[in-house]
Each structure stands twice: as structure tokens, then as C-alpha cells.
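Asks: Chains A and B, in that order, give the protein sequences.
Sequential numbering of the first sequence, starting at 1, is according to our numbering.
Sequential numbering of the second sequence, starting at 1001, is according to our numbering.
Backbone N, C-alpha and C define an ideal beta-carbon position, used for all residues, glycine too.
A single structure is presented below for examination.
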Amino acid sequence: MNAANDVVAVLAQEAITAPAVDGIAVAPLLVVLGGACISVLIEAFLPRHQRWPVQVTWAGLVIVVALVSLAGYALGSPQPVVTLGESLSVDSPTLFLWGTLLLLGIPSLLMIADRSVEPGGAFIPSAAERAASRVGGGGTGGTGGSSEHADRSYGLPGQAPTMQTEMFPFVLFALGGMMAFVAANDLLTMFIALEVLSLPLYLMCGLARRRRLLSQEAAVKYFLLGAFGSAFFLYGVALLYGYSGSVRLSEISAAAAGSTRSDTLLFAGLALLLVGLLFKGSVAPFHTWTPDVYQGAPTPVTAFMAACTKVAAFGAIARVLYVAFGSTRWEWRGVLWAIAVLSMAVGAVLGLTQTDVKRMVAYSSIAHAGFLLLGTMAITPEGTSGTLFYLLAYGFTTVAVFGVISLVRDSEGEASHLSQWAGLAKRSPVVAGVMTFLLLALAGLPLTSGFTAKFAVFSAALSDGMAPLVVIALVASAVAAFFYLRVIVLMYFSEPAADGPTVVVPGAFTTAAITLGVLVTLLLGILPTPALQWAGAGAFSG
Amino acid sequence: MNVLSAAGPIVPDSGGNVLLIVLLLLPLVGSLVMYPLRGNVALAKGVAMAVALLELVLVVLAWVGYDTAAAADGTRFQLEFSASWIPAFGTHIAFGVDGIALVMIALTAFLVPILMLFAWAEKLPEGRTASGYFGLLLATQAMLVGVFAATDVFLFYVFFEAMLIPMYFLIGRFGGPNRQYAAVKFFLYSLLGGLIMLASLIGLFVVSGERLGQGTFTWAELQTMAATVPTSTQIWLFLGFFVAFAIKAPLFPFHTWLPDAGAEAPIVGAVLLVGVLDKVATFGFLRYCLPLFPAASQALAPLVLTLAVVGIIYAALLAVGQTDMSRFVSYTSIAHFGFIALGIFAFSSQAFAGATLYMVNHGLSTGMLFLMVGMLITRGGSRKIADYGGVAKLAPLLAGCLLVAGMSSLALPGTNSFVSEFLVLVGSFPNAPVFTIVATVGIIFAALYVLWFYQRTMQGPVRGDAVTAALERAGAGGPGAMTDPGIAAKRAGTGFADLGRREIAVVTPLIVAIVVLGFFPAPLLDVINPSVTATMQEVGLADPVPVGGTAR
Chain A
1 MNAANDVVAV LAQEAITAPA VDGIAVAPLL VVLGGACISV LIEAFLPRHQ RWPVQVTWAG
61 LVIVVALVSL AGYALGSPQP VVTLGESLSV DSPTLFLWGT LLLLGIPSLL MIADRSVEPG
121 GAFIPSAAER AASRVGGGGT GGTGGSSEHA DRSYGLPGQA PTMQTEMFPF VLFALGGMMA
181 FVAANDLLTM FIALEVLSLP LYLMCGLARR RRLLSQEAAV KYFLLGAFGS AFFLYGVALL
241 YGYSGSVRLS EISAAAAGST RSDTLLFAGL ALLLVGLLFK GSVAPFHTWT PDVYQGAPTP
301 VTAFMAACTK VAAFGAIARV LYVAFGSTRW EWRGVLWAIA VLSMAVGAVL GLTQTDVKRM
361 VAYSSIAHAG FLLLGTMAIT PEGTSGTLFY LLAYGFTTVA VFGVISLVRD SEGEASHLSQ
421 WAGLAKRSPV VAGVMTFLLL ALAGLPLTSG FTAKFAVFSA ALSDGMAPLV VIALVASAVA
481 AFFYLRVIVL MYFSEPAADG PTVVVPGAFT TAAITLGVLV TLLLGILPTP ALQWAGAGAF
541 SG
Chain B
1001 MNVLSAAGPI VPDSGGNVLL IVLLLLPLVG SLVMYPLRGN VALAKGVAMA VALLELVLVV
1061 LAWVGYDTAA AADGTRFQLE FSASWIPAFG THIAFGVDGI ALVMIALTAF LVPILMLFAW
1121 AEKLPEGRTA SGYFGLLLAT QAMLVGVFAA TDVFLFYVFF EAMLIPMYFL IGRFGGPNRQ
1181 YAAVKFFLYS LLGGLIMLAS LIGLFVVSGE RLGQGTFTWA ELQTMAATVP TSTQIWLFLG
1241 FFVAFAIKAP LFPFHTWLPD AGAEAPIVGA VLLVGVLDKV ATFGFLRYCL PLFPAASQAL
1301 APLVLTLAVV GIIYAALLAV GQTDMSRFVS YTSIAHFGFI ALGIFAFSSQ AFAGATLYMV
1361 NHGLSTGMLF LMVGMLITRG GSRKIADYGG VAKLAPLLAG CLLVAGMSSL ALPGTNSFVS
1421 EFLVLVGSFP NAPVFTIVAT VGIIFAALYV LWFYQRTMQG PVRGDAVTAA LERAGAGGPG
1481 AMTDPGIAAK RAGTGFADLG RREIAVVTPL IVAIVVLGFF PAPLLDVINP SVTATMQEVG
1541 LADPVPVGGT AR
């Protein structure tokens, strides 16, 4: 009774004070999340035919403003701060990851907003909606006719073709969730951020205009498995709270370092936590959703997901391992060794058997996840900076790869079966050249960002005593090179099929996205120093 | 930092001589220019040839500018350039040549115009243009200059991997019927080797970070550190480099890609591949394996020598049994690479000098052999040895040139290869007598395979499907015709024609080089010798046969 009275008394005495907010430090995050809310309002209040231009402009503006505020803050070389009631840690890796996410958001947004590659944009919510659009938007009595015409008549007659514009608030919310995810200083914030980033992604996956069943299957699969992953994560949080009495990362580390308690709760908690995180990062054996979702989701969404989710997931994994479990690394590292080897092997070997370009890139991403895990396991400044750089490099290459994939089409939509890519170089030498360059970057050949990134991660891993893993990783790279090479062989050395796909001449948006991806891939391969310096500016803190 | 150096190596990041960069960029720009010129094939060829000749002139300038006296006084590299590249990885854009690198760059620059002349009127696969063909040749040349001139290990690795790409497209787009398979096999083998080397490279970086306080890739700094690295570490690092080079060379158990690639590549690609690109491996042994891992090199030398000698005998036997001319030449090369590896891992400066000279001579003689085979294939349209016979009657000049190339390949005294093979054997004997004796047997096999090949294709009555078909096409009649086919061929003017003017222009510089270097190798050896002496000092062993006694 006494204790209860005390609590009441304490509550009465100290009115709950609002947590201190370092507004300038978290401004990019606030801008993105606030922008997302306004984007929802735009969706609600504007007439349908005005939404697309306004939403695109607004989303672009939000990202640019967030980037400017981030740059303004980061250029002052700030000290790491922990703010918002110690729930967010804005340190140097956070700033780098925020920058990476926002920069990757630009090409992703451009591809999502594009309406030239798939007439009318790649998204439509339901079959009924599509049928309704056949008879003309707003009941204006269009007669339909060809399906392309039907798609174009969605909106007011005479207007530019329109698409499902809920995509834009989804993108902004997902981006905001990812930014919070990588900055989270405690596990509860991290969990909420995980949900904020995941839910829009689940929805986005199911919105493909073509091959709707595949797309919806992907969405359901992603949602169900993702929900499992989140549940594991939450259970892990609970166990860790039971062990340390706190969900704050630094306090878990402190509890683990200074205690003689049984470690069972700690490592069971870590294991469950990691299941949730590795799921997001599509690391084998938690990868099974990846090929299906990559294949089924609309390609611009796949690009966004492949690049940004990877950044967010590995940013969070690196932070958790570095801040909360750095002191106990010798206990858990063996397990992660096994997972990294498995991921590299699964990605490289199963990638060999794929016949669909998008599935192939999915398996490649699983192999890359294994490589990334090497960097996150090295609890050293080099490991952190290598991982961060790898994420930046991989993200841009991947976005551009999916951009190119979205261009190769036949009457059925995207022609993603490998056999349809035969002889592409003859039809479109530029697209084939760009794709070759990007694939060589994924394979990690010198003078591309892929090589620099691999070098950064592997040298960090080697100097932290992981020589066998590095050798395995390099062998896996050689195996993976085979399936990248197979695409190049098909494009250049095979004769094109008579009724093969055509290469769409992309509009300005997709062109800009691919160009950006290629330029960054090249630049980070030749002159990586500024990015490396920024990535190495400081360690995780919390 | 380099104890051998009086003047000291170049200060990192201080710029320096840009000649080597120009040598690198000129063919690279030339290859890029080929793309806009693809509509105008004649102009593209002209530009490509002009670029190749200009490159040759610049290489001559570099050769003249190379000071052998300074090299003998201990200046390890000349024409040096250094600029910072990625400070986080301790890498530099650093170029410089020693005598070994210089002769290899010169060999490349010498061969490329000849190859272009050979390819001038070549019939390409459908849908391919000569501008792409010549562009890839120039791009390969640029990468080769980079790989030989790099004095930063990281930069070397970059070019080592990058040179795969133009060669891959050269084989895959312009090669024979089975070119896709050969191109992919070539690329994957090399890439696997390269990635294993990358592991060692990273290891080297980490070790240098521990030993020098700051990770570096500068060759000279790594070399000063080399002696203090424990042997066990050295062996791991050595193995990474060694596997990459053994695949590239190729040495015996890693050689299976070469016959495929050599046979399916277009002739000019095969010459560049076998003549120069594979020499990167033997060059790498001399420049990287030995000086950077001296203890490991000595510890593992018996292994390498065994592989080398097995390769000499085994490849020679396989060469005897080949039915495809390009594969035949490829197998002879594998045998020759065995000799080069023998010279390198026998640890005497005379054997080093012989091995280096062998690299040049092998480029010339095998290059010429490939070209002659290519000319034969152009006429007969078949790669099979059995499809040819008695060609000497129809095309005596062609047969004569083939004989010169063959004699050079089997190291007949008076040809260039004899000097190098002799130097290798003499230099290797003190340290590796048994291996040397076994290798000498390889010379006999060489005579066997070359002479038998010559006899089957050139001597005897005119026969073989390809020859008769060619004659029938021209209306000259086959062996059964009333007139003597040789006379008929002359009378009809074509059929199985002898060397044309362009082809004579192709072979003349090669024959001159083969004969002149056979009698007067001194200009090359003068450039090579100071650098191999320096390499010997870096290995840190007593020199059983110093280069002073080389044949002049």
C-alpha cells in the first residue's frame, strides 16, 4: 500500500515533462513523417486527376527538404546526440544511413512515379478498380476498347493517365519508418519503426497492375512471414527486458558486461531479436520470402524494397550488435558465422538455378546479405564504415538494376524470364551495356562500387579475425559471378528471338533513376574517398 | 625506404612522369572512339591503326628514356608517377616500370599493330563490325599497359581483373563456333583466381597495417616489410597470389581453360591472350610472389617446380596428339609456360633473365605461329590438322613462314627462343638440377610436335579436305585433276593462294624480330638484367649464376 501511495505521490509531484527534443538533429525524420501525413491529406482532399502531379511534387519536395536539413546538420560535424526521451540516437552512422535512405528514396520515387514505362503507372489497387476504369473514370462514359486505352482513361477525359497515388504516402511512411529504425536507441522504438516501415511495404507489394495474382500472393506471403518476424522480434525484446531490466541498447550492453547472471535470457533474446532483423535483411535461412516478393511486387516497389529495406535492416543489425552486444561478441559470433556462410552459399548456389531475372537478383541479394553480415560482425570502426559504404553502393546498383529490368517488356508486361533477354544487345546496345556494367558491379569487379564495397567489408572482417569467412565469401562471389555472367552472355552472344521483348524507351523519371544509379556505381568505384570518409566519420553510440 | 635505391623511390602523391599514363590512356581513348565510328568501318580501322602506331612510337620513347645505368645502380622503377587514390585503403595511382615491365609493354605495343594488320580484312561473325573488334583490341592493350606498369598492388589487381572484360568480349563476340562456352570458361577461371588473390591482397593490407602502422599497397613499402613477415603468414598470402597466377599462366593442373579459349578466340585474340595476357602471370611471379613473399617462395619452390616440369612434359605430349591447330598451339604454350615458371622458381638471376626473355620470345614465336595457323584457316576454312596436307606445294611462302615460326617455337639455335631457353636451363641447373634435366626432355618433345605438325600439313602430296575444297572452288581441280594442282593454283590465281602483300607485311616484322633476337639479344637483356638482379636481391638468396655471364 505504501509503495502504491508513493508512486501516486511521485506522479502527483512531478507532472510528466515532455521529453527534450533536439529538433535540428531529428529534423529530417520529422520532415519525412510529417510530409507523409500531409500526403495522406492530399490523397483525401484533392480530386483524383490532380493527385498525381501534386503527390509527386510533394514527395519529391519532402525528400529534398529532409536531405537539405540533414546536410545542414551533418556538415557542422555535430557530436552524437541522444534525443526524444533517449529513444533516438543521432550519431554519425545514423546520419550516413539517413542520407543513404533519402538519396535512395529519390531514384525509387522517380521510378514509382513513372508513367511512361507502364502506361498509367505500375499500380492499381484492385481488379474491380481496374474494371471500373475500363468504362471511364468518373462515369464519363468512355467505351474502353484496348486495355491500354482503358488504363489511360483512368481519370478525367483528356487528362494525363493517372495511377494509384496512395503509393506516395506509403513511400514516405516507409522511408520515415526506416529512418527511425536505424536511429532507434531502444528496442521498443525499433519495434514501432519496424512496423511503420513494414506495413506500407506489404501494401505496396500487392498493387501491381499486371500479374495481379502473383503480386497479391507476394503481398500476403510477405505480410504473413513479416508478421512472424515481428513477433519474434517482440518476444526477443521481452526476453532482453527480462534480462537487463531495460530496452535501451546501451543498458543491455552494460547489464551483460557487469553481471554474473545466467546468460540464457540474454542470448535467447538476442537470437529471437536477430530472427526478426535478419528476416528484414533477407539473410538465409530467413530469406524464403525474398524471391517471391521480389518477383511478384511491381518492379519499382521491388527496387525501393531491395535497396532501402536492406539499408534499414543492416543499419539496425549493425547498431544492435555494436551497441548492445559488442561486449559479448565472442559468445554469439559463431552462430552468425554459420548464418553468414549459409546465406552466401544459398544466395550463390540457388541463384545459379534461377530462370527469372528478378528472382536471380533476389538470390544475389541474399548472397550480398551474407557479405554484409561479415561487416556487421566486425565490431570495429572499419567494420561499421565498411558496412555503411556497402549499403550505399549496393543500394544504388540495385535500384538501377531494377530500373533496367522494368524496361524490357513484351505485350504481357515485363519480360523477366531470362530466355527473353537473349540478344538484347542487338536490340538496345545502351540498355545492355548499362545492365552489363551493373551486373559486373554486383559481381564485384574493380572500378565499380561493388568492388570497393567488398574490399572495405572484407578487409574489416579479415583484420577482425575472420579470414576463413573472407575466403568463403570470395569463393561465393566467384560462384555468384557465374549467374551474372549468364545474363551478359545471353544479352551479347545469343541471337534474339523473333518475337522477343522490346526495350521501352523510358521517360525522364526512369531515365534519371537509372542514370543516377549508374553514375553513383561508377563514382563509388573510382573515387570512393568522400563516401568512405563520411562512412568512417564515427562509430555507433547510444 | 628502398635500401637498394640511391635516389630513392618516388615520394607518394608527388605526381611525376606522365608518359606511362599517356601510354595507358591513349589506347583506352582509342577504343572509346571506335564506338561513334562504328558506322564508318574504314575510318575506324584507320584510326585504330594510327592509335596503335602512335602507342608504339611512345613506347619507343619510353624505351629510350629508360636509363639502364641508373637501373643497375639500384633505381628500382623509372618513369614513375604517383597520386593518391583511396587514402582509406592506402592505394595510389602509381605507375613505374622496371626492365621486365618495360619489355612486356614493348612486346604488346609491337604486336598490336601487327595484329590489326592481320585482322584488317578478316571475315567477322555476322552482325559484328571491325570497329568493335579493333576497339576491344585497343582496350585490351590499355589494360595490359596498366597491369604491367602499376607499382601499387591494389592498382595491379584492378587492371588484372579489368583486362578480363575486353578479352571476354573479344572471345565471346568474335570467336569460333564454340565461343560462348570458351569465353565463359575463361572468365570464370580467371575471376575465381582473381578473387582468391583478392583474399591475399586484403590479407597483405591487414598485415602491412600491423607491421607498418598504416595499411599500404605501395609495392616498394610492402617489399621492405617482406622479410619480417613470418613464413607461415607469407605462405598463406603467397598461395592466394600463386593460385591466381597459376590459373592465368596457366600451370599444369589449372590449364584446361586455355585450349578452349585459345582455340575459340579469334586469332588476334588468341595471340594477345597467349602472347601477352598470360604473361601477366609469370610477370606476377617475378614482381609480386618472389619479392613480396621471399620465404614462402623458397619454401614452396619444389611444388611450383614440379608443376612446371609436369606441365612441360604433359602439355608437350598432349600437343602431339591434338587434331585442332589452335588447340595444338595452345598446348605448346602451356609447355613453354612450364619453362618460364622453371626459370623463375630456380632462383638465379640468369634464370630470371632467361625467363623474362622467354616471355618476350614466346610472345613473338607463339604469336607468329598463331598468325600462320590463322592464315591457313582463312584459306581452308577448317581448324583440323587432318584437313590440310602438302600446302608447301601450293603456298611455299606460307609454309616457309610457318616453318620459321615452328623453329622459333622449338628453340632452334639461331632463333630467339633458343637464347632464352638456354638461359633458363643454364640458370636453373645449379639450384634445381633434377627438374632442369627432366625439362630438357621437353625440348625433344617440342621438336617432335612442331616437326610432325609441319610435316602433316605442309609436306607430301596435296591432300586434305580443306585444301582440295579450296582448290575446287577456284576451279583448279583436286589431286585427281589432269594438271598438277600446284601449277593449277598458280594459273588460276586463287584457290589456295600464297601469302598476299598484306600478309607478308604481317609476318616480316615478326621474322626480323625472331632472327635478330636470335643472334643479338643484348638490347633486351641490357634492359632486363638490372631488374632481375634487383629481384634476386629482394629474394635474398645467394645468386648461383649472376647475369654477368649471359650470352651476348
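For Gly465 (chain A), which of helix, strand or coil comes out of DSSP?
Replies: Position 465 of the first sequence, counted from the first residue, corresponds to residue 465 (chain A). Here Gly465 (chain A) sits in coil by DSSP.
Asks: Give me the Cβ distance between Ala1265 (chain B) and Ile1171 (chain B), rounded to the nearest whole Å; I'm assuming they're in contact under 8 Å.
Replies: Within the second sequence, the letter at position 265 stands for residue 1265 (chain B). Within the second sequence, the letter at position 171 stands for residue 1171 (chain B). That pair is a contact at about 4 Å.
Asks: Need the endpoints of the beta strand (DSSP E) that Asp1543 (chain B) sits in, please.
Replies: Numbered from 1 along the second sequence, position 543 holds the residue referred to as residue 1543 (chain B). That residue, Asp1543 (chain B), is in no beta strand (DSSP E); it is neither H nor E in DSSP.
Asks: By the 10 Å Cβ neighbour count, where 16 or more other Cβ atoms means buried, how is Ser153 (chain A) classified, buried or exposed?
Replies: In the first sequence, the residue the question calls residue 153 (chain A) occupies position 153. With a pLDDT of only 38 at Ser153 (chain A), under the threshold of 50, the placement of this residue in the model should not be trusted; the figure read from the coordinates follows. Flag for Ser153 (chain A) reads buried.
Asks: Just how far apart, CA to CA, sit Asp356 (chain A) and Arg486 (chain A)?
Replies: Residue numbering aside, residue 356 (chain A) sits at position 356 when the first sequence is read from its first letter. Residue numbering aside, residue 486 (chain A) sits at position 486 when the first sequence is read from its first letter. In a straight line, the C-alpha of Asp356 (chain A) is about 12 Å away from that of Arg486 (chain A).
Asks: For a test of the three-state rule: what should DSSP assign to Ala1432 (chain B), helix, strand or coil?
Replies: Taking the second sequence and counting its residues from 1, one reaches residue 1432 (chain B) at position 432. DSSP places Ala1432 (chain B) in coil when its eight states are reduced to three.
Asks: Trp1452 (chain B): buried (16+ other C-beta within 10 angstroms of its C-beta) or exposed?
Replies: Along the second sequence, one-based indexing puts residue 1452 (chain B) at 452. With fewer than 16 other Cβ atoms within 10 Å, it is exposed.
Asks: Using the Cβ count rule (16 or more neighbours within 10 Å means buried), how would you classify Ser69 (chain A)?
Replies: The residue given as residue 69 (chain A) occupies position 69 in the first sequence. The residue is buried, with at least 16 neighbouring Cβ atoms inside 10 Å.
Asks: How big is the Cα-Cα spacing for Asn1431 (chain B) and Ser1348 (chain B)?
Replies: On the second sequence, position 431 is the one that residue 1431 (chain B) refers to. On the second sequence, position 348 is the one that residue 1348 (chain B) refers to. Each residue's Cα considered, the two are about 8 Å apart.
Asks: Measuring only between beta-carbons, confirm whether Ser477 (chain A) sits less than 8 Å from chain B.
Replies: Position 477 of the first sequence, counting from 1, holds the residue named residue 477 (chain A). It does: the Cβ of Ser477 (chain A) has a partner Cβ on chain B nearer than 8 Å.
Asks: If I measure Cβ to Cβ from Leu1019 (chain B) and keep anything under 6 Å in the same chain, skipping five residues before and after, which residues do I get?
Replies: Numbered from its first residue, the second sequence carries residue 1019 (chain B) at position 19. Hits under 6 Å: Ala1062, Leu1079.
Asks: Which one of A:Ala208, A:Leu109, A:Leu224 has the shortest CA to CA distance from Phe173 (chain A)?
Replies: On the first sequence, residue 173 (chain A) is found 173 positions in, with the first residue counted as 1. Measuring from the Cα of Phe173 (chain A), the nearest candidate turns out to be A:Leu109.
Asks: By DSSP, does Trp1085 (chain B) sit in helix, in strand, or in coil?
Replies: Mapped onto the second sequence, residue 1085 (chain B) falls at position 85. Reduced to three states, the DSSP call for Trp1085 (chain B) is strand.
Asks: Please list the segments of the beta strand (DSSP E) lying wholly inside the region 25 to 92 of chain A, counting only runs of 3 or more residues, in order along the chain.
Replies: Within the region 25 to 92 of chain A, the complete beta strand (DSSP E) runs of at least 3 residues are 81 to 83, 88 to 90.
Asks: Just the C-alpha distance for Pro78 (chain A) and Val182 (chain A), rounded to the nearest angstrom, thanks.
Replies: Taking the first residue of the first sequence as position 1, residue 78 (chain A) is located at position 78. Taking the first residue of the first sequence as position 1, residue 182 (chain A) is located at position 182. Roughly 18 Å between the two C-alpha positions.
Asks: Is it buried or exposed for Asn1040 (chain B), if we count other Cβ within 10 angstroms and need 16 for buried?
Replies: Locating residue 1040 (chain B) in the second sequence gives position 40, where the first residue counts as 1. Burial call: exposed.
Asks: For a test of the three-state rule: what should DSSP assign to Phe304 (chain A), helix, strand or coil?
Replies: Stepping through the first sequence from its first residue, residue 304 (chain A) is reached at position 304. Reduced to three states, the DSSP call for Phe304 (chain A) is helix.
Asks: Which bits of chain A does Val1158 (chain B) rub up against, with CB to CB less than 7 Å?
Replies: Sequence index remark: in the second sequence, residue 1158 (chain B) carries index 158 (1-based). The answer, in chain order, is Pro446, Leu447.
Asks: With H, G and I counted as helix, E and B as strand and the rest as coil, what does DSSP make of Leu407 (chain A)?
Replies: Sequence index remark: in the first sequence, residue 407 (chain A) carries index 407 (1-based). Three-state result, Leu407 (chain A): coil.
Asks: How would you call Arg333 (chain A), buried or exposed, if buried means at least 16 neighbouring beta carbons within 10 angstroms?
Replies: Here residue 333 (chain A) refers to the residue found at position 333 when the first sequence is read from its first residue. Counting Cβ neighbours within 10 Å, Arg333 (chain A) comes out buried, since at least 16 surround it.
Asks: Using only CA atoms, which one of B:Leu1195, B:Leu1364, B:Ala1522, B:Ile1267 lies nearest to Leu1237 (chain B)?
Replies: By 1-based counting over the second sequence, the position of residue 1237 (chain B) is 237. If we check each option's Cα against that of Leu1237 (chain B), B:Leu1195 comes out closest.
Asks: With 16 other CB atoms within 10 Å as the buried threshold, where does Arg1327 (chain B) fall?
Replies: Sequence index remark: in the second sequence, residue 1327 (chain B) carries index 327 (1-based). Answer is buried; the Cβ neighbour count reaches 16.
Asks: Is DSSP giving Thr1091 (chain B) helix, strand or coil here?
Replies: The residue you call residue 1091 (chain B) lines up with position 91 of the second sequence. The answer is strand: DSSP assigns Thr1091 (chain B) an E or B state.
Asks: Determine the chain A residues that contact Pro1087 (chain B) at a beta-carbon separation under 7 Å, and present them in chain order.
Replies: Counting from 1 along the second sequence, the entry for residue 1087 (chain B) is found at position 87. In chain order: Thr529.
Asks: Once DSSP output is grouped into helix, strand and coil, what is the label at Leu248 (chain A)?
Replies: Taking the first residue of the first sequence as position 1, residue 248 (chain A) is located at position 248. What sits at residue 248 (chain A) in the sequence shown is Arg, not Leu. Looking at Arg248 (chain A) - three-state DSSP - the assignment turns out to be strand.
Asks: Chain A beta carbons: is any one of them nearer than 8 Å to that of Gln1180 (chain B)?
Replies: As a first step, residue 1180 (chain B) is located in the second sequence; it is residue number 180 there, counting from the start. With 8 Å as the cut-off, Gln1180 (chain B) counts as an interface residue toward chain A.
Asks: Please classify Thr376 (chain A): does DSSP put it in a helix, a strand, or coil?
Replies: Here the question's residue 376 (chain A) lines up with position 376 in the first sequence. Thr376 (chain A) falls in the helix class under three-state DSSP.
Asks: Decide yes or no for the touch test of the region 1241 to 1256 of chain B against the region 1197 to 1217 of chain B: beta carbon pairs closer than 8 Å, at least 3 of them.
Replies: Yes: the two stretches touch, three or more of their Cβ pairs being nearer than 8 Å.
Asks: Where in the region 172 to 256 of chain A do unbroken runs of the alpha helix (DSSP H), each at least 4 residues long, occur, reported from the N-terminal end onward?
Replies: Counting whole runs of 4 or more residues, the region 172 to 256 of chain A contains the alpha helix (DSSP H) stretches 187 to 205, 212 to 244.
Asks: Please report the Cβ distance between Leu102 (chain A) and Pro28 (chain A), rounded to the nearest whole angstrom; I am assuming they are in contact, meaning their Cβ atoms lie under 8 Å.
Replies: For the purposes of this step, residue 102 (chain A) is identified with residue 102 of the first sequence, where counting begins at 1. For the purposes of this step, residue 28 (chain A) is identified with residue 28 of the first sequence, where counting begins at 1. With 8 Å as the limit, Leu102 (chain A) and Pro28 (chain A) qualify as a contact, their Cβ atoms being about 7 Å apart.
Asks: Can you tell me which of the three DSSP states Arg1076 (chain B) falls into?
Replies: For this step, residue 1076 (chain B) is matched to residue 76 along the second sequence. Residue state, collapsed to three classes: coil.
Asks: Run down chain A in chain order and give the residues with a C-beta less than 7 Å from the C-beta of Arg1173 (chain B).
Replies: Counting from 1 along the second sequence, the entry for residue 1173 (chain B) is found at position 173. Those within 7 Å of Arg1173 (chain B) in chain A are Tyr492, Phe493.
Asks: Pull the bridge partners of Phe567 (chain A) from the DSSP assignment, please.
Replies: Outside the shown range of chain A, which is 1 to 542, sits residue 567 (chain A), and nothing can be said about it.
Asks: At a CB-CB cut-off below 8 Å, which residues of chain A make contact with Ile1202 (chain B)?
Replies: For the purposes of this step, residue 1202 (chain B) is taken as the residue at position 202 of the second sequence. Chain A residues near Ile1202 (chain B): Phe455, Phe458, Ser459, Leu462, Val470.
Asks: For Ala1150 (chain B), which residues does DSSP report across the bridge?
Replies: Taking the second sequence and counting its residues from 1, one reaches residue 1150 (chain B) at position 150. Its beta-bridge partners are B:Phe1095.
Asks: Which residue from A:Glu382, A:Arg212, A:Tyr492 puts its Cα closest to that of Val293 (chain A)?
Replies: Translated into the one-based positions of the first sequence, residue 293 (chain A) becomes position 293. Nearest of A:Glu382, A:Arg212, A:Tyr492 to Val293 (chain A), Cα basis: A:Arg212.
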